[in-house]
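Q: Below you'll find the structure I mean.
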Amino acid sequence: MSAITDHPSPRAVPFRAPTARLALKSLCPSPGQAELDGAWWPRSRDLSDELPALADVLDPLWGRITRIAVNPRYWPVIPQRIFVNGHVVKVGWFTTELDPHKILLLSGTSGRWDLLVIPPEASAPSAARLMAAASASTAPQATATALMTAEPVDAPSTSADADTGRPDRLTASMRSYTPPRP
1 MSAITDHPSP
11 RAVPFRAPTA
21 RLALKSLCPS
31 PGQAELDGAW
41 WPRSRDLSDE
51 LPALADVLDP
61 LWGRITRIAV
71 NPRYWPVIPQ
81 RIFVNGHVVK
91 VGWFTTELDP
101 HKILLLSGTS
111 GRWDLLVIPP
121 EASAPSAARL
131 MAAASASTAP
141 QATATALMTA
151 EPVDAPSTSA
161 DADTGRPDRL
171 TASMRSYTPP
181 RP
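According to UniProt numbering, the sequence shown holds residues 1 to 182 in order.
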């Protein structure tokens, strides 16, 4: 005897990660000529969660992102690689060569791009001011640290988008590098 149910069978709905929060310069003559090419406001300090969404947005704009580098000061875990739309992006870190408030992205077709990294715990008004300053085409050449020093980061955001990271979600493959605490 077979049972008949009047409930429809559940359908799988593909998960779509939130889009990266970005502000990019509209008039970039070519990568590497400006100190900053824009700003990125991640939702957490978990690069394994944040980098795929960033590369997914930038791939169609700048060409396929092949490498990403960060300074480990503010990132508790740095994966060796991430997967984005069927390709691998290698992730590296530099302690002295890279501003701790910046992320470096390399594209095989269009070169190097540098983005200011706004702390995930920044309030929306602070993040908006920093994004505007980093993405202004007529702005003076300012380093990422200079912008962060000039803009006091307001109280932590209370929005549902802000997430301080979830160490309990890390897997062994994500624990490729744990930088020392400053």
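Using N, Cα and C, we set each Cβ at its ideal position, and we do this for glycine too.
Just so it is clear, the structure is predicted and the values come from calculations on it, not from any experiment.
Starting from L104, trace the beta strand (DSSP E) in both directions and tell me its first and last residue.
A: K102 to S107
Q: Just to confirm before moving on: does the CB-CB distance between D37 and D99 stay below 8 Å?
A: no
Q: Give me, in chain order, the residues of the same chain whose beta-carbon lies closer than 7 Å to that of A69; leave out the 5 immediate sequence neighbours on both sides.
A: So the qualifying residues of the chain are G92, W93, F94, L98 and L104.
Q: For I65 versus S107, is the C-beta spacing smaller than 8 Å?
A: yes
Q: Apart from the five residues on each side of it in sequence, which residues of its chain come closer than 6 Å, Cβ to Cβ, to residue 183?
A: Here the chain covers residues 1 to 182 and nothing more, so residue 183 does not appear.
Q: State buried or exposed for A132, treating a residue as buried only when at least 16 other CB atoms are found within 10 Å of its CB.
A: exposed
Q: Would you grab the beta carbon distance between D46 and N85 for me? Rounded to a whole angstrom, and I think it's under 8 Å.
A: Not confirmed; about 20 Å, so no contact.
Q: Is it buried or exposed, P125, if we count other Cβ atoms within 10 angstroms and call 16 or more buried?
A: exposed
Q: Counting only runs that start and end within the stretch 62 to 111, where is the beta strand (DSSP E) found for 3 or more residues in a row?
A: 65 to 70, 81 to 84, 87 to 93 and 102 to 107
Q: Taking just the CA atoms, how far does D49 sit from A39?
A: Between A39 and D49, the C-alpha separation is close to 18 Å.
Q: Could you give the DSSP three-state label for S53: helix, strand or coil?
A: Residue identity differs from the one stated: residue 53 is Ala in this sequence, not Ser. Helix at A53.
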